[in-house]
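Numbering (UniProt numbering), first residue to last: 1 to 52.
Glycine included, C-beta positions come from ideal geometry on N, C-alpha and C.
As structure tokens, the structure follows; a few thoughts come after it.
Below, the structure written as structure tokens:
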């Protein structure tokens, strides 16, 4: 997966991306930080129930 694809995924999920990141490591560090401590309510798992 390329850095551009990672940027698009991050933007899609509302993660701010610096357009002038000095290298891919900065982008990956931002992504890792966000994934380790998500702040949005949408990160809460949704449990579906069966209707009997």
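### Task
To the nearest angstrom, report how far apart residue 37 and residue 29 are at their CA atoms.
12 Å
### Query
From what residue to what residue does the alpha helix (DSSP H) around residue 12 run?
3-12
### Message
For residue 16 and residue 10, what's the separation of their Cα atoms in angstroms?
### Response
7 Å
### Message
Using 8 Å as the threshold, is the C-beta distance between residue 6 and residue 35 below it?
### Response
no
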